[in-house]
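Quick notes on the structure that follows.
In the UniProt record's numbering, the protein residues as written are 1 to 573.
Spelled out as structure tokens, the structure:
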């Protein structure tokens, strides 16, 4: 509920703090006294744009501060946390400062916020009805919400939105997969060519170093043959061969060792050297006997090494292992491309299932809304008849948008679908018989809008969780018995919401839980608007004034007391 409203230098109010009561808060005052200033201030808190004309003349800025007391589980606390705003006990404080230049600043619990954030909060706090273009009833986008609230479609609508969100997510994923497939078509051929090229050159079996070594042998065949022959000549075939010389050397060392044992170690070393030289000679003989020159093999090796070097350079790889890993990577990409079709098929099947779910839920919503629209028409017509609008006509149009390409069907017709279902709602109205009903927001007056909203809010009272409703001009064009009925209906609605109602009718004012009187105080230098909370006697005087005009006598006071007794309400300080 709204606990208090503080105003400073706002239009004609120098400074005022108004405390509000649970239930029905009535605002009265003479014409031109400034009653609308309070409603206008609440409109600023509700997100209306301010201007320099709202700053009291000669002042630097105007301040409007509203304090709301909320239940511990009110959804606005989650909103507060979402925007990283500090919590102040059970109080939510909205302050707006309007500078003389026309600029303004907004604070929630002393933290600066944008107008957009304020609107997000105010939509859940206050609903204004009267001469204010931001009131919810003037915006057709709100009408479907009212209809669904009346039809108790909250759970069904939440299910539909969840299914619709899932559909959009899956549709986006399917679009991504199809785009991926289209891209894959352009790359698949390249991948296959690259794999074929790598397979053609048998990179899995290739040992580049072994190939290069064999090629070096063939390229140096003559030198190798000549050098190996020289080794054998030196060892065995010269007149004085190395082999013979080593034999002679060993004979001499054996003799010397037999004479002086110090030669034994050297003899052993020479014997070991002789064995190694013999091994080298035998290896050279075997090597030379197996050495053959094959020019075709040499050409093959040259081409093979060249091809492998080309592939390493082409694919910018350092070695054959990196090239093999690249080939495996290409195979994996081809597998992924092959799987795209599988994923697309699976996504399409799941998407069709989502479409069926949405069609089913959408039909249930549409059927419920159609039934509710008829009931709403009947209930509001009866309500308005009691409120001096017997010739008026109100109904709710459900509007769908055909789309031949849409997969969504209602009664075999392809239709656009949004997160709220197949249709939008539009409240239609005419105040006069014989006239065609037109969109409510285009033709209804402020008083008519307030009474229609009173009817809607009364029908939705148990379901609508908006804490504060503000009605301005709800009594326009009514009097007598109709005013009495309107007052009683407002009182009933105040059992579900906190209400602020601006009125000039004593039959309505008599139902107040708190009665505020707005008046002007003028001096030669300035004019101020003041707000008083009326006590018992002041309230009787105010009602008597509303009943009797300028002349307040004993009869009008008696009538005022009778109104209060009939309403069952007694003035509250």
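We treat Cβ as the ideally placed atom computed from N, Cα and C, and that holds for glycine.
For this session: Keeping to the same chain, check which residues put their C-beta closer than 7 Å to that of residue 437; ignore five residues upstream and five downstream.
Result: 393, 395, 428, 429 and 430
Problem set entry | Buried versus exposed, by CB contacts within 10 Å (16 or more), residue 193 | exposed
Problem set entry | CA nearest to the CA of residue 101, picked from 406, 118, 53 and 316 | 53
For this session: Just the C-alpha distance for residue 411 and residue 399, rounded to the nearest angstrom, thanks.
Result: 14 Å
For this session: Grab me the residues of residue 433's own chain with a C-beta within less than 6 Å of its C-beta, minus the 5 sequence neighbours each way, in chain order.
Result: 391
Exercise. Hey, is the region 355-364 in contact with the region 151-164, meaning 3+ C-beta pairs nearer than 8 Å?
Worked result: yes
Exercise. Rounded to the nearest angstrom, how far is the Cβ of residue 124 from that of residue 76, given a contact under 8 Å?
Worked result: 5 Å
Exercise. Just how far apart, CA to CA, sit residue 29 and residue 568?
Worked result: 23 Å
For this session: Determine the extent of the beta strand (DSSP E) in which residue 520 is found, giving its start and end residues.
Result: 514-522
Exercise. Nearest-angstrom Cα distance between residue 530 and residue 56?
Worked result: 14 Å
Exercise. What's the gap between the Cα of residue 492 and the Cα of residue 146?
Worked result: 19 Å
Problem set entry | Bridge partners - residue 112, DSSP secondary structure assignment | 107
Exercise. Taking one C-beta from the region 79-90 and one from the region 11-28 each time, how about it: are there three or more such pairs within less than 8 Å?
Worked result: no
For this session: On a CA-only basis, which of 60, 20 and 471 is nearest residue 645? Give me that one, please.
Result: The displayed coordinates of the chain run from 1 to 573. Any statement about residue 645 would go beyond what the structure contains.
Exercise. Less than 8 Å separating the beta-carbons of residue 503 and residue 387?
Worked result: no
Problem set entry | Assigned exposure category for residue 563 - 16 Cβ within 10 Å defines buried | buried
Problem set entry | Enclosing alpha helix (DSSP H) for residue 340 [first to last residue] | 320-386
Exercise. In whole angstroms, what is the alpha-carbon distance linking residue 319 and residue 210?
Worked result: 14 Å
Exercise. Roughly how many angstroms separate the alpha carbons of residue 215 and residue 187, rounded to a whole number?
Worked result: 38 Å
Exercise. Given a threshold of 16 other Cβ atoms within 10 Å of its Cβ, counted over all protein chains shown, does residue 413 qualify as buried or as exposed?
Worked result: exposed
Exercise. Applying the criterion that 16 or more other CB atoms from any shown protein chain within 10 Å of the CB defines a buried residue, is residue 177 buried or exposed?
Worked result: buried
Problem set entry | Residue burial classification, residue 517 (beta-carbon count within 10 angstroms, cutoff 16) | buried
For this session: Could you check what DSSP says for residue 139 in three-state terms: helix, strand or coil?
Result: coil
Problem set entry | Own chain, CB closer than 6 Å to residue 20, minus 5 neighbours either side, in chain order | 2
For this session: Verify whether the separation of the beta carbon atoms of residue 137 and residue 449 is less than 8 Å.
Result: yes
Problem set entry | Own chain, CB closer than 7 Å to residue 545, minus 5 neighbours either side, in chain order | 552
Problem set entry | 8 Å Cβ cutoff met for residue 511 and residue 462 | no
Problem set entry | residue 65, enclosing beta strand (DSSP E) - first and last residue | 61-69
For this session: Identify the continuous alpha helix (DSSP H) that holds residue 263 and give its terminal residues.
Result: First-last for residue 263: undefined, no H or E at that position.
Problem set entry | Terminal residues of the beta strand (DSSP E) in which residue 498 lies | 498-502
Problem set entry | Alpha-carbon to alpha-carbon, residue 46 and residue 64 | 11 Å
Problem set entry | Straight-line gap, residue 464 to residue 355 (C-alpha atoms, nearest Å) | 31 Å
Problem set entry | CA-to-CA distance, residue 111 to residue 558, given in whole angstroms | 51 Å
Problem set entry | Selected residue, minimal CA-CA separation from residue 51, among 10, 34, 91 and 206 | 10
For this session: Compute the Euclidean distance between the alpha carbons of residue 403 and residue 189, then round it to the nearest angstrom.
Result: 39 Å
Exercise. On the three-state DSSP scale, how would you describe residue 425?
Worked result: strand
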